[in-house]
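Working notes, beginning with the structure itself.
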């Protein structure tokens, strides 16, 4: 019970999010209309992805400092889940864009940034799979993980703000909070961020356990 | 400082002794430009300014990837072990970055010359275009040197080099193409301070990361 309170919290929050997302009240907005409900899913997925990437880079640094192979596994699995969240965020964004911007994939700097980011992390997994030796793989992929993190963050946070973007909060557009949200939406939006992030951590922890079991089993023989 | 100077000198001397590598790179850039010349201007005799610019940077990108890949692979494992015993990893990465910058600068300026001769020169603001070439060379060599270091430890170096380097270099490439496009259109300097600043900032980030992380790479 001590260990699992956050899992229960996660389930409760996500049920609350989904129910509110489907039947809850939202403000009437021009163009956005009912698609504003996507803000409970699309935006928190990106927040979750960022958190997971930070965790992945953090464990990469820890691995380089300590050389503990478990940290390398943590780092890889966090990156894995971050990638999943990235793809999901991309898909929900495409659905949303289809109805509000009239095009699932418009030429938007933030979309380009995310496509590049997903490519970077895909390269990370290819790099991982090309080494046999555990320590060598851990060290080199940790180094690349940190480079990828340092390349991705300015790409997605700074560059879109300098050019014109369709996304709110970029290129002179007002951010979400200003006009589109009212308190009813905020009551769901902020818990949703926590809920999706917790789910990401949960998925990652399960995969890490699986990996550790596999490694221990392989070591027995 | 003394160490870095000695290492750069060693790199240049090494390159000068094996001239085939340098000549190979030069021939590579000349033939690529010639292929573009044949396919773009021979029949139609007309090339759009945007295509001109993009093509030039793509040629430079591939030249950079090809020439920087060998900065770690051309020295055998034994000799690397020798360097490991006598030089600090920081000195080695900084010297390699500086040397690759010089190499890229030479290659890209020569490439630009050949390119202008063959495909015409629509550049409006030449000094600014040269600055963008300078920034591009620095940017390519800084980010590719570290990636080359990673890729050289694996078996399939050249594939891995391409996969690892292209996404990392894309944001830089976008900025450079934007900067050089304004230079082509003959816009003034004040329109492009943003891009120059961002490019320098990205370079600074990459150099500092390489400086911090290379010791871990070098150990293996």
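Residue numbers (this note's numbering), protein chains in the order written: chain A, 41 to 261; chain B, 22 to 241. For each residue, glycine too, the CB sits at the ideal point set by N, CA and C. The model shown is predicted, which means the values in this text are computed figures rather than measured ones.
Taking Cβ-Cβ distances below 7 Å as the criterion, which residues of the stretch 164 to 178 of chain A are in contact with chain B?
-> 166, 167, 170, 171 and 176
Go through the stretch 71 to 110 of chain B residue by residue and report every complete run of the alpha helix (DSSP H) that reaches 4 residues or more, in order.
-> 98 to 107
With residue 200 of chain B and residue 164 of chain B assumed to form a contact (beta carbons below 8 Å), what rounded beta-carbon distance in angstroms separates them?
-> The pair is not a contact, with the Cβ atoms about 16 Å apart (cut-off 8 Å).
Enumerated in chain order, which unbroken segments of the alpha helix (DSSP H) with a length of 4 residues or greater are wholly contained in the stretch 131 to 173 of chain B?
-> 147 to 173
Quick one: using the 10 Å Cβ neighbour count with 16 as the cut-off for buried, is residue 136 of chain B buried or exposed?
-> buried
Compare the C-alpha of residue 56 of chain A against each of A/241, A/243, A/236 and A/244 and name the closest.
-> The residue with the shortest Cα to Cα distance from residue 56 of chain A is A/236.
Among the residues of its own chain, which have a CB less than 6 Å from the CB of residue 231 of chain B, if the five just before and after it don't count?
-> Taken in chain order, the residues that qualify are 114 and 167.
What three-state label does DSSP hand residue 69 of chain A in the structure shown?
-> Reduced to three states, the DSSP call for residue 69 of chain A is coil.
Just mark residue 56 of chain B as buried or exposed, buried being the case when its beta carbon has 16 or more other beta carbons within 10 Å.
-> exposed
Do residue 186 of chain A and residue 234 of chain B come within 8 Å of each other at the CB atom, strictly closer than that value?
-> yes
DSSP state of residue 193 of chain A, grouped into three classes?
-> helix
If you pair each beta-carbon of the stretch 65 to 84 of chain A with each one of the stretch 136 to 144 of chain A, do three or more pairs fall below 8 Å?
-> yes
Check whether the Cβ atoms of residue 141 of chain B and residue 81 of chain B sit closer than 8 Å, and answer yes or no.
-> no
Could you tell me how far apart the beta carbons of residue 239 of chain A and residue 54 of chain A are, in whole angstroms, since I believe they sit closer than 8 Å?
-> 6 Å
Alpha carbon to alpha carbon, how far is residue 207 of chain A from residue 114 of chain A?
-> 32 Å
Interface residues of chain B around residue 156 of chain A at Cβ under 8 Å?
-> 188, 191 and 192
Assuming residue 94 of chain A contacts residue 154 of chain A under a Cβ cut-off of 8 Å, what Cβ separation, rounded to an integer in Å, is found between them?
-> 16 Å between Cβ atoms; not a contact.
Chain-ordered chain B contacts of residue 53 of chain A [CB-CB under 8 Å] = By Cβ distance, chain B contributes nothing, its closest Cβ being about 34 Å from residue 53 of chain A, past 8 Å.
By a C-beta neighbour count over all protein chains shown, 10 Å radius and 16 as the cutoff for buried, is residue 138 of chain B buried or exposed?
-> exposed
Is residue 88 of chain A helix, strand or coil when you go by DSSP?
-> helix
Give me the Cβ distance between residue 164 of chain A and residue 181 of chain A, rounded to the nearest whole Å; I'm assuming they're in contact under 8 Å.
-> 6 Å
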